[in-house]
Every structure is written in structure tokens, then in C-alpha cells.
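Asker: Numbering (the working numbering), first residue to last: 34 to 361.
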Amino acid sequence: MAESDQRIPVLFVDDEPAFLEGVRRSLRSLRADWDVSFLGSAQEALQALERFPVALVVSDWSMQGIDGLTFCRMIRDTEMSSDLSRYVIVLTGRQGTEDAVRALEEGADDYLTKPFDPRELVARIKVGLRLLALQRSLRETNRKLSEQASTDPLTGAFNRRLGMELLAGETERVRRDQQDLSVILADLDRFKAINDTHGHGGGDAALCSVVRQLKACSRRYDSIVRWGGDELMVICPHTGAEQSLVVAGRLREAIAAAPVVVEGAPAFTITCSMGVTTVPKGCRASIVAIVANADRALYRVKERGRNGVQHEPTTNESQPLDDAPTRR
Numbered sequence: 034m035a036e037s038d039q040r041i042p043v044l045f046v047d048d049e050p051a052f053l054e055g056v057r058r059s060l061r062s063l064r065a066d067w068d069v070s071f072l073g074s075a076q077e078a079l080q081a082l083e084r085f086p087v088a089l090v091v092s093d094w095s096m097q098g099i100d101g102l103t104f105c106r107m108i109r110d111t112e113m114s115s116d117l118s119r120y121v122i123v124l125t126g127r128q129g130t131e132d133a134v135r136a137l138e139e140g141a142d143d144y145l146t147k148p149f150d151p152r153e154l155v156a157r158i159k160v161g162l163r164l165l166a167l168q169r170s171l172r173e174t175n176r177k178l179s180e181q182a183s184t185d186p187l188t189g190a191f192n193r194r195l196g197m198e199l200l201a202g203e204t205e206r207v208r209r210d211q212q213d214l215s216v217i218l219a220d221l222d223r224f225k226a227i228n229d230t231h232g233h234g235g236g237d238a239a240l241c242s243v244v245r246q247l248k249a250c251s252r253r254y255d256s257i258v259r260w261g262g263d264e265l266m267v268i269c270p271h272t273g274a275e276q277s278l279v280v281a282g283r284l285r286e287a288i289a290a291a292p293v294v295v296e297g298a299p300a301f302t303i304t305c306s307m308g309v310t311t312v313p314k315g316c317r318a319s320i321v322a323i324v325a326n327a328d329r330a331l332y333r334v335k336e337r338g339r340n341g342v343q344h345e346p347t348t349n350e351s352q353p354l355d356d357a358p359t360r361r
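1. Let me know the beta strand (DSSP E) ranges lying completely inside the segment 82-155, each 3 residues or longer, listed in chain order.
2. Span of the alpha helix (DSSP H) holding Gly234?
3. When the Cα of Leu82 is compared with those of Phe104, Arg283 and Leu195, which residue comes out closest?
4. What does DSSP give as the partner residue(s) for Met266 in the beta ladder?
5. Quick one, are the C-beta atoms of Leu240 and Thr188 less than 8 angstroms apart?
6. Check Val295 in the structure and name its three-state DSSP category.
7. Output needed for Gln76: all residues of its chain with C-beta closer than 7 angstroms, excluding positions within five of it in sequence on either side, in chain order.
8. Quick check on DSSP: helix, strand or coil for Leu63?
9. Taking the alpha helix (DSSP H) that Leu200 falls in, what are its first and last residues?
10. One question on the structure: do Leu278 and Val309 come within less than 8 angstroms of each other, judged by their Cβ atoms?
11. Less than 8 angstroms between the C-beta atoms of Gln246 and Ala287, yes or no?
12. Which word fits His233, buried or exposed, when buried means at least 16 other C-beta atoms lie within 10 angstroms of its C-beta?
13. Beta-carbon of Pro313 versus every beta-carbon of chain C: anything under 8 angstroms?
14. Distance, Cα to Cα, Leu221 vs Thr304?
15. Going by other Cβ atoms of all chains shown within 10 Å of its Cβ, with 16 needed for buried, is Asn349 buried or exposed?
16. From Thr174 to Glu275, what distance separates their C-alpha atoms?
17. Assign Thr187 to one of three DSSP states: helix, strand, or coil.
18. Which residue's Cα is closest to the Cα of Ala392: Thr272, Glu153, Ser242 and Arg317?
19. According to DSSP, what are the bridge partners of Gly308?
20. If we call anything under 8 angstroms between Cβ atoms a contact, is Gly161 one with Ile122?
21. Among Arg259, Leu199 and Tyr120, which has the Cα closest to the Cα of Ser92?
22. Report all residues from its chain with a CB closer than 6 angstroms to the CB of Phe224; omit the five preceding and five following residues, and keep chain order.
23. Within the same chain, show all residues whose beta-carbon is closer than 6 angstroms to that of Gln212, passing over the 5 residues directly before and after it, in chain order.
24. Excluding the five sequence neighbours on either side, which residues of its own chain have a C-beta within less than 7 angstroms of the C-beta of Pro151, listed in chain order?
25. For Ser70, report the span of its beta strand (DSSP E) as first-last.
26. Using C-beta distances below 8 angstroms, list every residue in its chain close to Ser70, excluding the 5 sequence neighbours before and after it, in chain order.
27. Going along the chain, which residues of its own chain have a beta-carbon closer than 8 angstroms to the beta-carbon of Thr347, five neighbours each way excluded?
28. Whole angstroms are fine: how far does the CA of Ala330 sit from the CA of Trp260?
29. Around the Cβ of Thr125, are there at least 16 other Cβ atoms within 10 angstroms (buried) or fewer (exposed)?
30. Report back the beta-carbon spacing between Asp48 and Met107 to the nearest angstrom; my notes put them in contact at under 8 angstroms.
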């Protein structure tokens, strides 16, 4: 179920069971059809909130243990450090303006004094739910926009722009945290012939098939990038030279074994050539030099007949390519 389709839970928090029962009856009579929970303490409510990224809370001010305002502060502290949305209504018998101001300053979104008309409480809850739904919708829109800005629309792999950012972060970790990094550059063999034989739809299907295999067979902390055209990159943190060759070999075999399916046409198989470079911990080579080494290794595979893996180490003395070779 998409997040936008989920009902926003409403939590009533009060240490007086009689009050909670009265609210329950009022909601039933007013036909307030929400996902409602009735909780007897702030501590119990905090535990319940761990299950919900979005929630509306109606809390009494005066409670034993954690009072309503302390509860508000705890909610806001948690909200600031994570991707959570809460709307908090504080209920109290205090009538003064200063009390209302204090509650709002402590993190409440709304404030209602007792005794109150249940219809007013329901109306205020509806306002809060509308605001939470709008906030959730905006967050989902921003997530989709961010995904579109960082993802190749054809294959679903990360695009080159994000790939450069990921490489920058990983090379910094190589220097700062003394961790090895390996980069695999994969190129579809005879991609022009694939397009000529199977059409551009076949070429697109081949690229998507390769990305699916890379995602399925790589590790959860590896990153798959469409580097350009029919070139794909796998960024492998915490990976030394020997392990990188094992990873690349496994990926190459998976790609060769997976049939490419094009609607209305016979399936076909493809192969990939892979150039691998390893950046040893502490190395200060540039991103351009690192990619150039993977490119050199890839070119050597093409020279040997394609469908293989070659490793080229990266050192502090590694230099960029002066002119990238053609290796279709």
C-alpha cells in the first residue's frame, strides 16, 4: 500500500480511563471514522508512535509521570532527528492565555480547554489530519522529484551525476577511514550490433536486463550507475582487489546467463566486458584517474575478445586517460 493510501492514526493520551471512555463514546456518536488508539500514559504513547511515521496525538496536559508538555518536547525532539510528522493537540483545564502560549511554545500545534464540545475537538482533529495528509503528499512528491533527478529513467540505475557524488563520498572514505574501494566499469559487448539486429527496443531491453542482474547479484551496499550509453558502473565500498574480481566475475556470469526478452521477438543473450580498479586505503588518486584505470582495464578485455574481466590497480601516481579508446 502506498503511503498516501494509508490512514493516519489518531492517538488519545490521558491517565484518566473515565475521560478516555467519554471520548470514545463521543467519537462513536459523531461517527468519527478514524484509526484511533486510547493510551493511558505518555510512555505508552511514545512506544506506540514508533510504529507510525505520521500520526495525530491528542494529549492531556496533567498526567502522572511524563506530563503533556514534556511529552510534546519529546515528540518534537524525535521528529527533528528523523523523517516523522506529528500533529499534537493539548487538552487541559487551564484557562489562561499564558498557559496556551506555553503549550504552543513547547511544541503543541493546537490547544483546547476543558470542558469542550466534542464537535469542536472533532473539527480540530480534522484540521490536523488535513495538514498531515498535505505534508505527507508534499514529502512524497519531493521524494519522487529527488528520485527522478538521481535515477536513469530507462534502467532505474543511478545516473552519472549521482554516480560522481557517490564516488566523491567513497574516495573520501578511502582517505579518511582507511578503507579499500573497488570500481567496476561494465560495457555491453557489440551493443551496436544488438541495436542493428533487434532494434533500439532490443538495445533498451538489453541495458535493462544488465541492470537487473547487477542489482540482483551485487551486495546491498554496492551502487549501480548508468555511466553513459551502454556503460554501467558498480561502486563497491570495502572491497579489495581479490574480492573485486570475484564480484565482477559473478556479475559477468549472471548477465551472460540471463535471456533478454523483447515483446514479440525471440529472446537473446548478451555478454559484458568488465574493467575493475581497486583504490587501496589511504590512496589520494582523483576520481578521474580512478575511472580512467577502470577504463584501461575494460579496453584490455575488449582487445582480448570481450566477455571477460581485467583488473588495473589505482595508485597515487595513476593518471587520467589522454584520449578514451573506442571499444565497441
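We put the CB at the ideal spot given by N, CA and C, even for glycine.
Answerer: On the basis of the data shown:
1. 87-93, 118-125 and 143-146
2. Phe224 to Cys250
3. Phe104
4. Leu218 and Val258
5. yes
6. coil
7. Gly98 and Ile99
8. coil
9. Arg193 to Arg209
10. yes
11. yes
12. exposed
13. Absence of chain C from the displayed structure is noted, only one protein chain being present.
14. 6 angstroms
15. exposed
16. 42 angstroms
17. Reading off the sequence shown, one finds Leu at residue 187, where the question assumed Thr. In this structure, Leu187 counts as coil in the three-state DSSP scheme.
18. With the chain covering 34 to 361 only, the question about residue 392 has no answer from this structure.
19. Leu218 and Gln343
20. yes
21. Tyr120
22. Asp263
23. Arg206, His271 and Lys314
24. Ser59 and Leu63
25. Asp68 to Leu72
26. Pro42, Val43, Leu44, Phe45 and Ala81
27. Thr310, Thr311, Val312, Pro313, Cys316, Ala318, Ala322, Ile323 and Asn326
28. 16 angstroms
29. buried
30. Incorrect: roughly 16 angstroms between the Cβ atoms, too far for contact.
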